[in-house]
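Asker:
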C-alpha cells in the first residue's frame, strides 16, 4: 500500500516536471516576443517591467523547485520499502515455529535470510562472498539453525573491525551438509 502511494507520488512529480517544462517554453516564447516589441513608449516599458517581474518570479519558482531531489528521495523510499518487505519476509521465515519443532530446511535459504537480517552490520564495510553448492534439505529445528547461522555471521562481522571479506560456504559432505564461515580482515 505504502509502496504504491510512493509510486503515485513519483508519477505526479514527473507530471509536474512536464508541466514546468511547458511553462518554461511559454516563458521563452514570451521573452522572444518582448525582444521584437517596440518599447519606446513609457506605457510599454512599464508593462514590460511588470510582466518581466512576474515572469522572473515564476522562473525563479520553477528553478528553485528541485523535482530531481524529490524523485531521488522517492526512488530511495521505494528501495527502502522493498528492503523492509524483504526483511519482514525473512524474519517471518526465520522465526517460524513448527508444530513438532522438526522440519526440512534448505540451508542456502537460511544463509540468505540470515544475511538479509544482518545486512545493517555488514553494509559498506564487509564484502560477502557466497559459495553455496546445491545441497539437500536438512531435517532440523529451523529456528535454531537460523539463529546459529545469524550468530556466526554477526560474530564474524563484529570481529572484523573496519572491514574485510566474509565468505560463506555450504556444501555436501557425505550424508551431511556442512556450513563454513570464513573471515579475512583488511590490512
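Residue numbers (my numbering): 2 to 188.
We put the beta carbon where it would ideally sit given N, CA and C, even for glycine.
Return yes when the Cβ of residue 168 is within less than 8 Å of the Cβ of residue 136, no when it is not.
Answerer: No; because the gap between Cβ atoms is not below 8 Å, this pair is not in contact.
Asker: Pick helix, strand or coil for residue 134, following the three-state DSSP scheme.
Answerer: In this structure, residue 134 counts as coil in the three-state DSSP scheme.
Asker: Indicate the three-state DSSP secondary structure (helix, strand or coil) for residue 165 in the structure shown.
Answerer: Strand.
Asker: Which residues in the same chain as residue 100 place their Cβ atom closer than 6 Å to its Cβ, once the five residues preceding and following it in sequence are excluded?
Answerer: Note on residue 100: pLDDT 44, under 50, position unreliable in the model; no value is reported.
Asker: Classify residue 160: buried if its beta carbon has 16 or more other beta carbons within 10 angstroms, exposed otherwise.
Answerer: Answer is exposed; the Cβ neighbour count stays below 16.
Asker: Mapping DSSP to helix, strand and coil, what is residue 26?
Answerer: Reduced to three states, the DSSP call for residue 26 is helix.
Asker: Would you kindly check if the distance between the Cβ of residue 139 and the Cβ of residue 178 is under 8 Å?
Answerer: It is a contact, given that the beta carbons lie within the stated cut-off.
Asker: Taking Cβ to Cβ, would you say residue 146 is nearer than 8 Å to residue 111?
Answerer: It is a contact, given that the beta carbons lie within the stated cut-off.
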